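So for the sequence shown, this note's numbering puts the first residue at 1; every next one is plus one.
We put the beta carbon where it would ideally sit given N, CA and C, even for glycine.
None of these values were measured; they are calculated from a predicted model.
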Amino acid sequence: MTSASSFQQNFVFFEELNLSTWKPPVCSLQWNPIGTTMAGDAKGVAGITGNRLNEPRDIFIDAFKTLYIADYANNRVQKWLLGAAAATTVAGQQNGVAGANPEQLNQPGGLVVDSSGNIYVVDSRNNRVQSWLVGAAAGTTIAGKGRTA
C-alpha cells in the first residue's frame, strides 16, 4: 500500500515507494507595502471637488476597470475612469447637498453596478435603495419607503 503525504505546500512524498515529486507553483504573489492612490487626494485631504472624496464607504469595479465610489459624506456616487485625474458624479448632487428628492442622496453607504451600467445605491439616511439608470438625472426608489421622521 502506498501512502502520500504533503508536508510542504508544493512537495508530495510517497512513503512506500520512496519517491518524491515537485509541483511547481501556479503563481506567485508578493504584497506591495506601498499603496497607490487610485481615487481621491493622495494626501488624504477630504473635499467636494471631483478629485477628492469625503468618507468613501463602498466601491465597485466594473469589467472596464471603472471605479464607482459611494462618497458617503458628500452624498453622491462618483465614477472614476482608470487613469483619470478626477471623477464625475453619476448619482446624487455634484455639490454634495444631501436630500430626499429623487435626484439626491443622503449618506450613500453601499452600491452595485449591473452589466448595463445601472447603479443601485443604498441611500442610508433616506432608508431606501435607489436605482439610477445610465445617464439619469434622478434615481427611482426600488426598496424602502424613503426618509422617516
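In this structure, does DSSP put residue 52 in helix, strand or coil? Residue numbering aside, residue 52 sits at position 52 when the sequence shown is read from its first letter. DSSP, reduced to helix, strand and coil, places residue 52 outside both helices and strands of the structure shown, so it counts as coil.
List the endpoints of the continuous beta strand (DSSP E) containing residue 68. Counting from 1 along the sequence shown, the entry for residue 68 is found at position 68. Segment 67 to 71, the beta strand (DSSP E) holding residue 68.
With distances taken between CB atoms, is the gap from residue 143 to residue 129 smaller than 7 Å? On the sequence shown, residue 143 is found 143 positions in, with the first residue counted as 1. On the sequence shown, residue 129 is found 129 positions in, with the first residue counted as 1. Closer than 7 Å, so yes.
CB residue 109 to CB residue 122, shorter than 7 Å? Translated into the one-based positions of the sequence shown, residue 109 becomes position 109. Translated into the one-based positions of the sequence shown, residue 122 becomes position 122. Taking 7 Å as the Cβ cut-off, residue 109 and residue 122 qualify as a contacting pair.
Would DSSP call residue 116 helix, strand or coil? Position 116 of the sequence shown holds residue 116. DSSP places residue 116 in coil when its eight states are reduced to three.
On the DSSP letters alone, give me the boundaries of the beta strand (DSSP E) that residue 142 sits inside. Taking the sequence shown and counting its residues from 1, one reaches residue 142 at position 142. It spans 140 to 144 - the beta strand (DSSP E) in which residue 142 sits, taken as one unbroken run.
Buried or exposed for residue 132, please, with buried defined as at least 16 other CB atoms from any protein chain shown within 10 angstroms of its CB. If you number the sequence shown from 1, residue 132 lands on position 132. When all chains shown are included, residue 132 counts as buried.
Take residue 95 as the anchor and find which of 64, 33, 53 has the nearest alpha-carbon. Locating residue 95 in the sequence shown gives position 95, counting from the first residue. When 64, 33, 53 are compared, the shortest CA-CA separation from residue 95 is found for 53.
Just to confirm, is the Cβ distance from residue 98 to residue 75 under 7 Å? By 1-based counting over the sequence shown, the position of residue 98 is 98. By 1-based counting over the sequence shown, the position of residue 75 is 75. A Cβ-Cβ contact shorter than 7 Å links residue 98 with residue 75.
Pairwise C-alpha distance: residue 146 and residue 88: Looking up residue 88 in the sequence shown gives position 88. Looking up residue 146 in the sequence shown gives position 146. The straight-line gap separating the alpha-carbon atoms of residue 88 and residue 146 is approximately 25 Å.
Closer than 6 Å by C-beta to residue 32: which residues in its own chain qualify, once you throw out the five before and the five after it? Chain order, please. Here residue 32 refers to the residue found at position 32 when the sequence shown is read from its first residue. Taken in chain order, the list of residues that qualify is empty.
Range covered by the beta strand (DSSP E) that runs through residue 132: By 1-based counting over the sequence shown, the position of residue 132 is 132. Where residue 132 is concerned, the enclosing beta strand (DSSP E) stretches over 128 to 132.
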